[in-house]
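Working notes, beginning with the structure itself.
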Ligand code: NAD
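Residue numbers (this note's numbering): 1 to 486.
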């Protein structure tokens, strides 16, 4: 008998319809981590119906009661941290000790922050020409949200970007997670319900994105869409959600620029953390390093020395600092990009592909390539694996051309001891967020993050108060007071 599949959740109860189920295999050792139900548009319809039914009471619940609930949800997540982190590591492949437990903590922090922030939302009153009118402008929830999330941070992206701000601000949600990490999404949804989340506020439908995610976006009962994932899928989602507010948090290939006066130890440490954290599977990873030719070789050696210290291995082992990448196809793609750059003049200083003795094809060694040809995929595409590609430049014009070579616009970084120069350079970068003397992947959820307009990285801003703003809309209430009488 195969193990029971991970339940979906509809109207506060586990929903386990008779549907085909797919085995989820652990990237770490290939063992079966569980079975995910492949839901249908009918499951989506039930979930949307439940979310619509729950919406009026939830939005009229006192904001202090919603905040109080969010704090209890945070406590419940912390109480079951190891259980959540174990399934997260099994399904995703990220190291249990150094990364998965931290991701669970981030979920709890998201609910606590949302509780604090939502009670601070203010309404305003504006002046109008008619002296017999008063106008109140308040923010209110958008209604029923379709939330579609990627596999790289299966529960942190979901909670920080959508679940915590959405629930706190009075929306009801239908969540369709990536199929390969649906077990931990199901477990988290169960934990939240056990802690008192009212029925219908958060509904979970598992299955293929083009089936269940697409049905949710298009459902007439859904008011708004929050999507995080790849650029190609984001563009399909923008079309499917035409006419609805659609927030798009998409891919990145942000430049990390190292000027000739940079502190190279600082830069190397930040690049190693930005390129190899979460095995490079972060939208704001240090995807490409644009180093001044005068310091590039020295910098590359330092990053390579740090890459060699990383312990790649069993994601449950205490000593492991980097796990496998999530899919074998991703590992194939990353290795092909490394091989292509190396065949055209790139110099591999650390790593260079798969290790010889890994239990699954998902393992890729932390890799540093210097002298990367500027037209190679390693430079212009989103790599999403543990690679630090270094591209050299000599003049500001060359640097500008390199920055412009990739159409993304999410995050970037600048390393220089001259803060004024770093700021003016940052202001010219087409990025939603630029970190000075810090890794491109550094982020706290109170900082607005998102793509710059017209780039491949989407639009909208996420994080703490910015997410609450994104998931609410202004409503003006005009009050007739009658004429003033002495
Ligand atoms: P993906 O686009 O393949 O999938 C994302 C989600 O969309 C999944 O849940 C998937 O099931 C669903 N989906 C796929 N096709 C769909 C369709 N036609 N209709 C509705 N839903 C559909 O992305 P991924 O590989 O899971 O995630 C990696 C990508 O996410 C990277 O590009 C990364 O940069 C990006 N990302 C961005 C941010 C950010 O804040 N900008 C954060 C994390 C990840």
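Using N, Cα and C, we set each Cβ at its ideal position, and we do this for glycine too.
Alpha carbon of residue i to alpha carbon of residue j, nearest angstrom
{"i": "residue 425", "j": "residue 243", "result": "37 Å"}
{"i": "residue 461", "j": "residue 472", "result": "13 Å"}
{"i": "residue 453", "j": "residue 248", "result": "11 Å"}
{"i": "residue 354", "j": "residue 474", "result": "52 Å"}
{"i": "residue 419", "j": "residue 149", "result": "37 Å"}
{"i": "residue 320", "j": "residue 257", "result": "29 Å"}
{"i": "residue 465", "j": "residue 224", "result": "18 Å"}
{"i": "residue 265", "j": "residue 55", "result": "52 Å"}
{"i": "residue 24", "j": "residue 262", "result": "45 Å"}
{"i": "residue 167", "j": "residue 445", "result": "17 Å"}
{"i": "residue 211", "j": "residue 433", "result": "33 Å"}
{"i": "residue 313", "j": "residue 333", "result": "20 Å"}
{"i": "residue 414", "j": "residue 347", "result": "23 Å"}
{"i": "residue 201", "j": "residue 11", "result": "8 Å"}
{"i": "residue 368", "j": "residue 311", "result": "15 Å"}
{"i": "residue 337", "j": "residue 392", "result": "18 Å"}
{"i": "residue 470", "j": "residue 147", "result": "13 Å"}
{"i": "residue 463", "j": "residue 483", "result": "44 Å"}
{"i": "residue 341", "j": "residue 406", "result": "16 Å"}
{"i": "residue 114", "j": "residue 468", "result": "8 Å"}
{"i": "residue 366", "j": "residue 275", "result": "8 Å"}
{"i": "residue 4", "j": "residue 101", "result": "25 Å"}
{"i": "residue 1", "j": "residue 298", "result": "Because residue 1 sits at a pLDDT of 48, beneath the cut-off of 50, its placement in the model cannot be relied upon, and the point is left open."}
Reference residue i, options the options, closest by Cα
{"i": "residue 65", "options": "94, 417, 85, 116", "result": "116"}
{"i": "residue 238", "options": "11, 457, 464", "result": "457"}
{"i": "residue 108", "options": "72, 123, 343", "result": "72"}
{"i": "residue 29", "options": "363, 416, 396", "result": "363"}
{"i": "residue 111", "options": "159, 97, 149, 148", "result": "159"}
{"i": "residue 322", "options": "99, 303, 142, 55", "result": "99"}
{"i": "residue 451", "options": "436, 278, 429, 477", "result": "429"}
{"i": "residue 134", "options": "479, 341, 485", "result": "479"}
{"i": "residue 123", "options": "132, 140, 114, 113", "result": "140"}
{"i": "residue 245", "options": "226, 369, 262, 236", "result": "226"}
{"i": "residue 358", "options": "348, 201, 331", "result": "331"}
{"i": "residue 422", "options": "277, 275, 260", "result": "260"}
{"i": "residue 194", "options": "3, 371, 79, 50", "result": "79"}
{"i": "residue 383", "options": "281, 435, 317, 397", "result": "281"}
{"i": "residue 476", "options": "405, 299, 137, 169", "result": "137"}
{"i": "residue 76", "options": "283, 119, 105", "result": "105"}
{"i": "residue 164", "options": "196, 118, 146, 200", "result": "118"}
{"i": "residue 214", "options": "192, 371, 145", "result": "145"}
{"i": "residue 13", "options": "63, 132, 192", "result": "192"}
{"i": "residue 67", "options": "103, 95, 120, 51", "result": "120"}
{"i": "residue 303", "options": "349, 406, 70", "result": "349"}
{"i": "residue 292", "options": "345, 370, 241", "result": "370"}
- Just checking, does the segment 223-243 make contact with the segment 434-447 on the three C-beta pairs under 8 Å criterion? The segment 434-447 and the segment 223-243 do not touch, with fewer than three beta-carbon pairs separated by less than 8 Å.
- Message: Under 8 Å: do the segment 270-283 and the segment 377-392 share three or more Cβ pairs, one atom per stretch?
- Response: Cβ pair count under 8 Å is three or more, so yes.
- Item | Meets three-Cβ-pair contact criterion under 8 Å: the segment 189-209 and the segment 27-42 | The answer is yes - the segment 27-42 touches the segment 189-209, with three or more Cβ pairs under 8 Å.
- Specify whether the segment 238-254 and the segment 273-293 touch according to this definition: at least 3 beta carbon pairs, one from each stretch, less than 8 Å apart. Taking 8 Å as the limit for Cβ pairs, the verdict is that the segment 273-293 does touch the segment 238-254.
- Message: Using a Cβ distance threshold of 8 Å, determine whether the segment 183-194 contacts the segment 148-161, with at least three qualifying pairs required.
- Response: Flag = yes, the segment 183-194 and the segment 148-161 touch.
- Item | Contiguous beta strand (DSSP E) assignments of at least 3 residues, all confined to the segment 425-477 | The segment 425-477 contains these whole beta strand (DSSP E) runs: 433-436.
- Query: Could you give the uninterrupted runs of the alpha helix (DSSP H) lying entirely in the segment 144-205, keeping only those of 4 residues or more?
  - Reply: If we require 4 residues or more, the alpha helix (DSSP H) runs fully inside the segment 144-205 come out as 164-168, 182-194.
- May I ask you to verify whether the segment 18-34 touches the segment 78-91, counting CB pairs closer than 8 Å and requiring at least 3? The segment 18-34, when compared against the segment 78-91, does touch it at the 8 Å Cβ threshold.
- Query: Does the segment 163-182 come close enough to the segment 127-136 to have 3 or more Cβ pairs within less than 8 Å?
  - Reply: Short answer: they don't touch.
- Item | alpha helix (DSSP H) runs contained entirely in the segment 268-350, provided each spans 4 or more residues | 293-309, 328-343, all fully within the segment 268-350.
- Three or more C-beta pairs below 8 Å linking the segment 218-226 and the segment 368-384: Output reads no: the segment 368-384 does not touch the segment 218-226.
- Query: Which ranges does the beta strand (DSSP E) cover as unbroken runs of at least 3 residues, wholly within the segment 31-90, from first to last along the chain?
  - Reply: Whole beta strand (DSSP E) segments, 3+ residues: 32-37.
- For the 8 Å Cβ check, are there 3 or more pairs between the segment 297-307 and the segment 323-333? With a cut-off of 8 Å, the segment 323-333 and the segment 297-307 do not count as touching, because too few Cβ pairs lie within range.
- Can at least three beta-carbon pairs, one atom from the segment 1-20 and one from the segment 39-51, be found at a separation below 8 Å? Judged by Cβ distances under 8 Å, the segment 1-20 makes contact with the segment 39-51, as three or more pairs qualify.
- Task: Tell me the start and end of each unbroken alpha helix (DSSP H) in the segment 385-424 that is at least 4 residues and wholly inside, in chain order.
- Result: As far as the segment 385-424 is concerned, its whole alpha helix (DSSP H) runs of at least 4 residues are 396-404.
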